[in-house]
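Trainee:
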Amino acid sequence: MSQMSINDASLNSLPKAGMSAMTEAAVARVALVDDDDLFRESLSLNLADEGYEVITFDRGEPALDFFAEGGSVDIVLLDWRMPKMDGIDVLRQMRSRGIDLPVIFLTVLSDQIYEEAALAGGALDFVEKSRSLSILLKRMRLIVDGSKGTPEEAEGPKESVYALGNLDLRLDNSRALWNGKRIDLTLTEFNIVKLMATRPEEDVSYREIYDLVHGKGFLAGYGPSGYRANVRAFIKRIRQKFRVVDAEFDCIENYPGFGYRWGNGTGGTGRTRDDDADVMADGAAAD
């Protein structure tokens with residue numbers, strides 16, 4: 167599979183920034199925002215070959231203008247380092263304007279601090295440009311499949327609301343409510359809550375939560391358990407969002423060295439319900 171670096175395509179045949187690489191039956195519509203002309207044009211061709219319709223932008227400002235004028239896509243691929251407005255600022259502008267499109271960061275920045283900042287800002291994924299195209303395609307397919315639903319979900323009616331204690335999950339529109347108040351979760355965060363809440367009092371491993379977000383077998387972070395920091399960042403944001411509407415919320419319990427569970431708020435032996443305690447306890451358990 168070709169890499170997400172420059173391929174051998176003739177630049178004379180490449181689409182110009184702001185134009186679409188069209189297919190007759192597009193898998194999904196993608197906005198690619200990157201100031202590197204060669205990378206942007208090469209990747210747009212590779213994605214078009216895979217059945218995607220690609221609209222390219224060389225800076226964040228024209229992409230925001232496109233959305234402000236009613237433009238819509240299924241996925242946004244966003245570079246981090248760009249002139250005037252970097253990728254994280256573009257993402258913040260999108261979210262502040264109510265543009266809740268799935269965003270994947272594509273960047274050469276590999277430090278964990280950047281990945282955590284991207285996810286905290288509401289991005290669904292963070293893929294280094296050095297990774298193969300197949301990795302990116304897998305991440306995109308997970309988003310597309312998630313938005314369309316599984317074949318089983320389309321076969322017949324299902325319950326539209328899942329209720330557990332003070333929690334209500336609206337399965338038809340992926341909304342969560344706590345004591346009747348909406349929790350502003352992203353789609354990924356909603357799916358994590360759904361995974362735990364539909365298996366109450368059952369331990370859910372770090373790996374299972376991470377696979378839900380990124381797909382099975384995807385590796386990230388440093389060392390064989392580096393993905394745990396990624397999961398902890400998700401759980402921390404979810405807890406914070408619930409505590410905005412209920413400062414006493416403590417239903418997400420940590421099982422040090424293993425993962426999390428949706429509890430009844432009373433805790434359990436060896437379990438923590440504090441983000442900093444999660445890190446220390448898990449670190450101790452892993453030693």
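For the sequence shown, the numbering used here gives the first residue as 167, with consecutive numbering after it. Think of the CB as a built atom: it goes at the ideal place given N, C-alpha and C, for glycine as much as any other residue.
Which two residues bound the contiguous alpha helix (DSSP H) that contains Leu-209?
Mentor: 203-215
Trainee: Where does Thr-352 land, buried or exposed, given buried means 16+ other C-beta within 10 angstroms?
Mentor: buried
Trainee: Around the C-beta of Lys-347, are 16 or more other C-beta atoms found within 10 angstroms, so that it is buried, or is it exposed?
Mentor: exposed
Trainee: I need the DSSP call for Ala-342, collapsed to helix, strand or coil.
Mentor: In the displayed model, Ala-342 falls within a strand according to three-state DSSP.
Trainee: Please give me, in chain order, every unbroken run of the alpha helix (DSSP H) with length at least 4 that falls completely inside the segment 239-283.
Mentor: 253-262
Trainee: Given a cut-off of 7 angstroms on the beta-carbon distance, is the pair Thr-222 and Ser-238 in contact?
Mentor: no
Trainee: Apply the 10 Å Cβ neighbour rule to Ser-208 and answer buried if 16 or more other Cβ atoms are within range, or exposed otherwise.
Mentor: Answer is buried; the Cβ neighbour count reaches 16.
Trainee: Leaving out five residues before and five after Asp-338 in sequence, what residues of the same chain have Cβ atoms less than 7 angstroms from its Cβ?
Mentor: Answer for Asp-338: Ser-326, listed in chain order.
Trainee: Starting from Thr-354, follow the alpha helix (DSSP H) in both directions and report where the run begins and ends.
Mentor: 353-363
Trainee: Could you check if Arg-258 is buried or exposed, using at least 16 other CB atoms within 10 Å of its CB as the buried criterion?
Mentor: Arg-258 comes out exposed.
Trainee: Roughly how many angstroms lie between the CA atoms of Arg-195 and Phe-408, to the nearest whole one?
Mentor: Approximately 33 angstroms between the Cα atoms of the pair.
Trainee: Between Ile-372 and the rest of its own chain, which residues show a CB-CB distance below 6 angstroms, the 5 nearest in sequence each way excluded?
Mentor: It is Tyr, not Ile, that sits at residue 372 in the sequence shown. So the list reads Arg-394, Val-397 and Gly-425, once near-sequence residues are dropped.
Trainee: Since Val-242 and Ala-197 should fall inside the 8 angstroms C-beta cutoff, what is the C-beta to C-beta distance between them, to a whole number of angstroms?
Mentor: 5 angstroms
Trainee: Secondary structure at Thr-189, three-state DSSP: helix, strand or coil?
Mentor: Confidence at Thr-189 is low in this model, with a pLDDT of 38, below 50, so the placement of that residue should be treated as unreliable; the coordinate-derived value is given next. Thr-189 falls in the coil class under three-state DSSP.
Trainee: For Val-310, list the residues DSSP reports as bridge partners.
Mentor: Answer by DSSP bridge pairing: none, since Val-310 is not bridged.
Trainee: Would you say Leu-335 lies against chain C (beta-carbon separation less than 7 angstroms)?
Mentor: In summary, chain C is missing from the structure at hand, where a single protein chain is found.
Trainee: Output the distance between the C-alpha atoms of Arg-261 and Gly-288, rounded to the nearest integer angstrom.
Mentor: Each residue's alpha carbon lies about 8 angstroms from the other.
Trainee: Can you give me the Cβ contacts of Trp-246 inside the same chain, cut-off strictly under 7 angstroms, excluding the 5 residues immediately before and after it?
Mentor: Asp-252, Gly-253, Ile-254, Phe-271, Thr-273, Leu-275 and Tyr-280
Trainee: Drop a sphere of 10 angstroms on the beta-carbon of Arg-427, count the other beta-carbons inside from all chains shown, and report buried for 16 or more, exposed for fewer.
Mentor: buried
Trainee: Quick check on Val-410: buried or exposed, where buried means 16 or more other Cβ atoms within 10 Å of its Cβ?
Mentor: By the C-beta density criterion, Val-410 is exposed, having fewer than 16 other C-beta atoms within 10 angstroms.
Trainee: Report the rounded CA-to-CA distance for Asp-291 versus Asp-231, giving the unit in angstroms.
Mentor: 23 angstroms
Trainee: What is the DSSP secondary structure of Ser-300, reduced to helix, strand or coil?
Mentor: helix
Trainee: Can you tell me where the alpha helix (DSSP H) holding Leu-230 begins and where it ends?
Mentor: 226-234
Trainee: Of the residues Glu-235, Gly-423 and Asp-416, which one's Cα is nearest the Cα of Asp-369?
Mentor: Gly-423
Trainee: Can you tell me which of the three DSSP states Leu-198 falls into?
Mentor: strand
Trainee: Would Asp-202 and Met-248 be called neighbours here (beta carbons separated by less than 7 angstroms)?
Mentor: no
Trainee: Are the CB atoms of Asn-212 and Leu-299 within a distance shorter than 7 angstroms?
Mentor: yes
Trainee: State the DSSP-derived secondary structure class of Glu-374, mapped to helix, strand or coil.
Mentor: Correct three-state label for Glu-374: helix.
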